[in-house]
Each structure stands twice: as structure tokens, then as C-alpha cells.
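Colleague: Numbering follows my numbering, in which position 149 of the sequence shown is assigned residue number 154; successive positions increment by one, without gaps.
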Amino acid sequence: TQSQVDALLITGAYQSADAVNGYFAELADSVIQEAGVLTQLSNAGGFDGYINTQVVPMDDGNGYDVYLLAPYRPTWDRVSQQKAVTHLDGYNLALDVCAALSIARRNGYLYTNLKPESISVSASGSYHICDLGLTSLNYLQYSSLPSAYFSAYTAPEVADAYSMYFDAGMR
Numbered sequence: 006t007q008s009q010v011d012a013l014l015i016t017g018a019y020q021s022a023d024a025v026n027g028y029f030a031e032l033a034d035s036v037i038q039e040a041g042v043l044t045q046l047s048n049a050g051g052f053d054g055y056i057n058t059q060v061v062p063m064d065d066g067n068g069y070d071v072y073l074l075a076p077y078r079p080t081w082d083r084v085s086q087q088k089a090v091t092h093l094d095g096y097n098l099a100l101d102v103c104a105a106l107s108i109a110r111r112n113g114y115l116y117t118n119l120k121p122e123s124i125s126v127s128a129s130g131s132y133h134i135c136d137l138g139l140t141s142l143n144y145l146q147y148s149s150l151p152s153a154y155f156s157a158y159t160a161p162e163v164a165d166a167y168s169m170y171f172d173a174g175m176r
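1) Between which two residues does the beta strand (DSSP E) carrying L139 extend?
2) Pull up the CB-CB distance for D53 and H133, whole angstroms please, since I reckon it's below 8 Å.
3) For chain D, find out if any of its Cβ atoms is closer than 8 Å to the Cβ of N67; answer yes or no.
4) Pick helix, strand or coil for Q59, following the three-state DSSP scheme.
5) Where Y114 and G66 are concerned, what is the direct C-alpha to C-alpha distance, given to the nearest angstrom?
6) Less than 8 Å between the beta carbons of L4 and V36, yes or no?
7) Kindly provide the ranges of any alpha helix (DSSP H) runs that are 4 or more residues long and lie completely inside the region 95-138, ordered along the chain.
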């Protein structure tokens, strides 16, 4: 929106409206790149990728709409509200999601958006991660997260900035 552009200009984050639009273009490109990575990971299993992507400039000229085309997939939150969940369902969910997270890790990514709405359920009953939320492990060496944001589900790579060195056999 124009108010977002104005805020970036007033704070001095960017010097011109063209620079702000360049920032918005970079954001759109990063979404498309992440969607491509998710699609690549879907070939290894555990993820549902996208069929097509499209970036369209917004009508007011400020920013872009990003469209991600994927087949309809019921998500775990919907399925679990519509039918009784068995112990076997829970085990299969845990195994499939852990396998997907392992695939992401082996390919140099950490999935940071795991929630029931990010897990699809196939017709055969297998579970896949189906939403954006990948972060390159390379970026973690430069990041920190205040401990107030840690939860029981915080990935060890995020909670301990030095864990990547221990995982690489540098103990």
C-alpha cells in the first residue's frame, strides 16, 4: 500500500519510491525462489510442491501479487476436525513429518512454519509439508532469536547458534 511505501521512505530505510519498489520486487522473487525449493524437495518426498507461480505488479504500482498454483490438498487441521484421529494416524503423521524435515535438513534447509495448516493429507493417508517456511541453514550462522521467542518446538539450530559447528563434527 502507499502507506507502507511512505513508512519506508519516512524512516529512511529507502531513499526513493523506486528503491522501495525494488525491495518489494526482491520479496516477490524470494517467495518464488522458495516455492521452487519446495517443489524440488517434493521430488525427494515429504513435501507438496507447486504446479506454477506468477508475479503480477499491483494495480497501484506499489508491490506485487504473488500467485502460487497447487492442487487442492486437505490439511491436517481440517481432516483432524472431520474424523476421529487414531493412534496410528498420530504415528504416521509424526513419521511422515519427521522424514520431510530430515529431507529438508539434508538438502540444507530448515522448515520454520510447521503447524497443522502446513501439513497436507493425501488420498492414501500420507502426510506432506505443503506451505512456505524454508530457511537456508547458511543463514542461521548470522541470525539470532531472542529467548522470549523460544518454545518447545524451536529447532536446535535456532536455539543454539553454535549447534551447526557441533553437527559438522567440530566437537
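Each residue gets a CB set at the ideal place from its N, CA and C atoms; glycine is no exception.
These numbers were taken from a predicted model, which means no experiment stands behind them.
Modeller: Concretely, from the data shown:
1) 139-141
2) 5 Å
3) Checking the listed chains, one finds no chain D in this structure; it contains a single protein chain.
4) strand
5) 33 Å
6) The displayed coordinates of the chain run from 6 to 176. Any statement about residue 4 would go beyond what the structure contains.
7) none
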